[in-house]
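Below is one structure, written out as C-alpha cells; comments come after it.
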Amino acid sequence: MHIPITLIYAAVLSLIFVGLSIRVIKHRFGTQVILGDGGHHKLNIAIRTHANFNEYIPLALILIMGVELLGYNSTLVHTLGIILVLARVSHIAGLATKKGAGAGRPIGVVATLLLMIASAVMILFRSF
Numbered sequence: 000m001h002i003p004i005t006l007i008y009a010a011v012l013s014l015i016f017v018g019l020s021i022r023v024i025k026h027r028f029g030t031q032v033i034l035g036d037g038g039h040h041k042l043n044i045a046i047r048t049h050a051n052f053n054e055y056i057p058l059a060l061i062l063i064m065g066v067e068l069l070g071y072n073s074t075l076v077h078t079l080g081i082i083l084v085l086a087r088v089s090h091i092a093g094l095a096t097k098k099g100a101g102a103g104r105p106i107g108v109v110a111t112l113l114l115m116i117a118s119a120v121m122i123l124f125r126s127f
C-alpha cells in the first residue's frame with residue numbers, strides 16, 4: 000500500500016488540528032472552564048471549530064486515500080487534498096468572525112461535502 004500524496008495532506012491537516020487544539024486550550028486557561036464552554040462565546044466557537052474539523056477530516060482523508068489507492072491521476076489526488084485544506088481553512092476563518100457566521104463557513108462546509116461526494120463516487124466507479 001503506497002499513499003504518499005494523501006499523507007502530505009494528512010500531515011498539513013494534522014498541523015492545523017494541533018493549532019485548533021492549542022486555541023481551545025488557551026481559551027480554557029483564559030476562562031478557567033475545564034469542561035463545556037461555561038457560557039463563553041469565544042470558547043464555544045473554539046470548541047466547535049476544533050470538533051467540526053475532527054468530525055470531517057478523518058473520513059475525508061480516508062476517501063482521498065481510496066482515490067489514490069485506486070490509481071487515479073496524482074494531479075487529481077493533489078487537487079482533492081488542496082481543496083480539503085482550503086475548505087477547512089475557509090470554514091475556520093468563517094467561524095473566527097465576531098458572530099461565527101462569516102462567508103467562509105458555508106463555503107468550507109459545501110466544498111468539504113462536495114469533495115466527499117466526488118471522492119465517494121470515484122471510488123464506487125472504480126470498484127465495479
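First residue of the sequence shown: 0, per numbering that gives the first Met the number 0; consecutive thereafter.
No residue lacks a Cβ here, since even glycine has one placed at the ideal position from N, Cα and C.
Keep in mind the model is a prediction, meaning the values are calculated, not measured.
_Using a 10 Å radius around the Cβ and a threshold of 16 neighbouring Cβ atoms, would you call R104 buried or exposed?_
buried
*Which of helix, strand or coil DSSP assigns to A92*: Residue state, collapsed to three classes: helix.
_Contact under 7 Å by Cβ, G107 with S89_ = Judged by beta-carbon spacing, S89 lies within the 7 Å limit of G107, meaning their Cβ atoms are closer than that value.
*Out of S20, A45, K98, A117, point me to the one whose CA is closest to L79's CA.*
A117
*Straight-line Cα distance separating S73 from H49*: 29 Å
_My parser needs the alpha helix (DSSP H) runs of 4 or more residues fully inside the segment 41 to 122; what are they?_
Qualifying alpha helix (DSSP H) stretches, in chain order: 73 to 94.
*Measure from the alpha carbon of P3 to the alpha carbon of each residue in E67, L112, R87, Y71, then state which is nearest.*
E67
*Would you say L114 and L83 are within 7 Å of each other, going by their C-beta atoms?*
yes
_DSSP three-state label for V32, please._
coil
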